[in-house]
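This is the structure we're talking about:
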């Protein structure tokens, strides 16, 4: 790798305020705000809107879609497609 052309890769805290969840990882993302972490060190913090703690897929609160019902409703509304034109 060429020296001096890559961004700094350092510890950063990502915080999901909606779920009151934060995790420390390494990233090249930058931030002007900092937070004191559990180990007593201060790290840059990046606030995110969705994380694994608040995303419906990970929390199990996702909606199950009735795809068969959607297809039938589409066919009722627009008719069956003309195949073999």
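Numbering (this note's numbering), first residue to last: 18 to 102.
We treat Cβ as the ideally placed atom computed from N, Cα and C, and that holds for glycine.
Contact belief for residue 29 with residue 50 at Cβ below 8 Å, rounded distance in angstroms: About 11 Å; that fails the 8 Å criterion.
Secondary structure of residue 102, DSSP reduced to three states: In this prediction, residue 102 has a pLDDT of 45, which is less than 50 and means its spatial position is unreliable; what the coordinates show is noted afterwards. Coil, per DSSP.
Residue burial classification, residue 39 (beta-carbon count within 10 angstroms, cutoff 16): buried
For residue 32 and residue 62, believed in contact at Cβ under 8 Å, the rounded distance: 5 Å
Distance between beta carbons of residue 46 and residue 71, contact taken as under 8 Å: Actually they do not touch by this definition, with Cβ atoms about 19 Å apart.
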